[in-house]
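Read in order, the letters of the sequence shown correspond to residues -24 to -1, 1 to 332 in mature numbering (1 follows the signal peptide of the UniProt record, and there is no 0). Glycine residues also receive a C-beta, built at the ideal position from the N, C-alpha and C atoms.
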Amino acid sequence: MARRAGVRAAAAALAAVVAASALSGCQFVEDVVAGQRLLTAGLNADAALRELVAELEALVSVESAEYAFDAADVDSRPGLQVALVSTDPGDWREVQSLIEETGELDAFEERPITATLTSGMVSATIDTGSHLLLGADALAAAREAGGLFPDARIELAPWSDVAAAVTVSTPGTAEELLARVTGDPGVRAFLAPLDPERVWVAFRAAGLELGGIPSAAEAQWILDRLAVELPRYPVAVGADAAVAYPTEWVQVSAGVSAADRMFTIQLVGDDGVATGPAWDALLEVLRVGAPGADDSCAPLQVFYPWPGVQGNWPSFVNDCVEWADANAVDRPTLAPLRDALAASGIDLAALGFRLS
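Okay, structure coming up:
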């Protein structure tokens, strides 16, 4: 009896081993099939990209086209670079249409094509997964901006089927850019007919991002905020420009239109909390508040991070900001900030601010 029991146990163990081996073998086969499917898709994508590049290079409007993609790497994502002869909207539309047609193939269902289109200092990045294309209005605005600012880098980014942002990055100082935007009739004539819901133009210089034309009081407020002992956050102008990013900086963003205004400041310190020029600048702007000589409400948000603070950057918003607080304002790492504000005599509520 004992021997029979031992035989039955051995048989059961052998059956379990065989079953496990069978399952393992099935898994192996499934893995091989999945790997072969991915490799086939990668090879199909590579072939389609080669064909697309050939089609693009055959266009008289295209100077060059090249792609980067590793068919054997499942994590590789198709990248495409296309240099066009001009910023003619029809030429760009033709190029975008060819890219979109290729992106609709099954091979790109899980890895869309990211394409960068350039012409001189004008560039745009599109993604076939989003199906957002650049319209004629945005391209016309980019071309006109390039004529007004020939040394600038112009970037286009579609955010809907009918709207896009045009960013004009200039090599000069923030003071020079402010003087140009507020004082040049050509810039005013350029911006006047544009609908910001369709084409939003932003001008950039080191430390400044400006949308619209600020008033004299708003321009002076911006200059005062930049007049601190902090490096200004840099902008890259040339395509191959090397930019050294600082560990502390000031950055002012101002959006000014007939319908709305919004001001944002980044005061980033590389010292501890409540020390250094970023802290001094924070106390100053909390006391001064947002710009404006009238009774209208200008939303203002001031970011103040320091090394070691956890979570989202702490920020201060004035009473004109209507969105809900997104940060956990009671997190322990903010306790030293609250203590330092109290020690400096800052009453946020009395000044019309809250920690966000």
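Going by C-alpha positions, valine 157 is about 6 Å away from isoleucine 189.
If you look at serine 73, you'll find it in the alpha helix (DSSP H) that goes 65 to 79. For valine 261, the three-state secondary structure derived from DSSP is helix. Beta-bridge annotation (DSSP): glutamine 277 is paired with Thr240 and Val293. Within its own chain, the residues whose Cβ lies closer than 7 Å to the Cβ of leucine 124, once the five positions on either side in sequence are excluded, are Gly162, Val163 and Phe166, listed in chain order. In this structure, glutamine 242 sits away from phenylalanine 292, with a CB-CB distance that is not shorter than 8 Å.
Following the DSSP letters along the chain, one finds glutamine 196 inside the alpha helix (DSSP H) bounded by residues 192 to 202.
The C-beta distance from arginine 237 to glycine 245 rounds to 27 Å, too long to fall under 8 Å, and the pair is not in contact. One alpha carbon belongs to alanine 257, the other to valine 204, and they sit about 7 Å apart. Secondary structure of alanine 117 (DSSP, three-state): helix.
Residue environment: leucine 184 is assigned as buried (16 or more neighbouring CB atoms within 10 Å of its CB, all protein chains considered). A check of alpha carbon separations from glutamate 152 across Ala141, Trp135 and Phe179 identifies Phe179 as the nearest. Ranking Leu132, Gly187 and Arg26 by CA distance to the CA of threonine 240 puts Gly187 first. The alpha-carbon of alanine 326 is positioned some 12 Å away from that of valine 264. Annotation: the region 119 to 169 contains the following complete segments of the alpha helix (DSSP H) (minimum length 4 residues), in chain order: 150 to 159 and 161 to 167. Residue pairing of glutamine 57 in beta bridges, as defined by DSSP: Glu42 and Thr92.
Separation of glutamate 85 and asparagine 294 (C-alpha to C-alpha, rounded to the nearest whole angstrom) is 45 Å. It is roughly 59 Å from the alpha-carbon of glutamate 260 to the alpha-carbon of alanine 34. Check the Cα spacing between serine 233 and each of Ala117, Val177, Gln277 and Asp247: the tightest is with Val177. Counting only residues of its own chain and dropping the five nearest sequence neighbours on each side, proline 312 has a CB closer than 6 Å to the CB of Val249.
Taking alanine 220 as reference, the option from Asp200, Asp82, Val211 and Leu276 with the minimal CA-CA separation is Val211. Counting of Cβ neighbours within 10 angstroms places threonine 251 among the exposed residues, the total staying below 16.
Of the candidates Leu154, Asp160, Glu173 and Leu317, the residue whose Cα lies closest to the Cα of alanine 193 is Leu154. Sorting Pro134, Asp171, Pro267 and Ser145 by C-alpha distance to the C-alpha of arginine 201 places Pro267 at the top. Taking one beta carbon from each stretch, the region 32 to 47 and the region 56 to 76 have 3 or more pairs nearer than 8 Å; the two touch.
Judged by beta-carbon spacing, isoleucine 130 lies within the 8 Å limit of valine 142, meaning their Cβ atoms are closer than that value. The Cβ atoms of leucine 276 and cysteine 296 lie closer than 8 Å to each other.
Within the DSSP bridge table, the entry for glutamine 227 names Gln242 as partners. Ranked by how close their Cα comes to the Cα of serine 332, the residues Asp247, Leu74, Glu70 and Glu298 have Glu298 in first place.
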